[in-house]
Amino acid sequence: MNDLHKGASSRLFEFAKANRKKQTPAEKILWDALRNRKLEGHKFRRQHPISQFIADFYCHESKLIIEVDGGYHSGQEQAEIDEGRTHELEELGIKVIRFKNEDVVNELLKILKHLKHDASPSKKQEKSSP
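For the sequence shown, counting from 1, position 12 maps to 12 in this note's numbering; every step adds exactly one.
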């Protein structure tokens with residue numbers, strides 16, 4: 001099983017590719033902040049297939065998924081679906097954090113905190129080595 005994708009199907013890869021072409025404004029803001037290792041050198045992938053899901057943003061080295069939720073996530077039914085999805089991903093050893101579209105800019109600091117917390121001293125040394 002591919003650890004990076006946790007057995008995601010080829011069909012999920014097609015959906016992810018289509019999703020990358022239709023970002024929400026909040027996803028675009030966040031992607032601009034995360035892409036090209038801009039956030040403390042951590043590599044993020046957007047619309048990343050993992051298991052049976054597509055993560056909005058995924059950092060494999062920190063095992064962190066960032067989800068950007070639009071208005072439809074505030075309904076009870078969707079909240080329960082999201083909770084189940086988060087539980088399944090956490091069972092795979094992946095931390096999931098969620099932000100509302102309108103909170104994306106304000107929450108970049110929270111993302112940084114999670115990345116710093118998960119980075120081991122050995123990883124930090126590797127990054128600073130010549």
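Each residue gets a CB set at the ideal place from its N, CA and C atoms; glycine is no exception. Every value quoted in this text rests on a predicted model; they were computed, and no experiment measured them.
*Alpha carbon to alpha carbon, how far is K43 from H5?*
Counted from its first residue, the sequence shown places residue 43 at position 43. Counted from its first residue, the sequence shown places residue 5 at position 5. Each residue's alpha carbon lies about 15 angstroms from the other.
*Determine contact between the stretch 43 to 63 and the stretch 81 to 95, defined as no fewer than three beta-carbon pairs at a distance below 8 angstroms.*
yes
*asked:* DSSP three-state label for E102, please.
replied: For the purposes of this step, residue 102 is identified with residue 102 of the sequence shown, where counting begins at 1. The three-state reading of DSSP puts E102 in helix, counting H, G and I together.
*To the nearest angstrom, how far is it from the Cα of A79 to the Cα of R37?*
For the purposes of this step, residue 79 is identified with residue 79 of the sequence shown, where counting begins at 1. For the purposes of this step, residue 37 is identified with residue 37 of the sequence shown, where counting begins at 1. Our two residues, A79 and R37, have alpha carbons roughly 31 angstroms apart in a direct line.
*Count the other CB atoms, across all protein chains shown, that sit within 10 Å of the CB of E27; report buried if there are 16 or more and exposed otherwise.*
As a first step, residue 27 is located in the sequence shown; it is residue number 27 there, counting from the start. Buried, because 16 or more other Cβ atoms sit within 10 Å of the Cβ of E27.
_Let's test the definition: count the other Cβ atoms within 10 Å of the Cβ of Q47 and tell me whether it reaches 16, buried, or not, exposed._
Taking the sequence shown and counting its residues from 1, the one referred to as residue 47 is at position 47. That one is buried.
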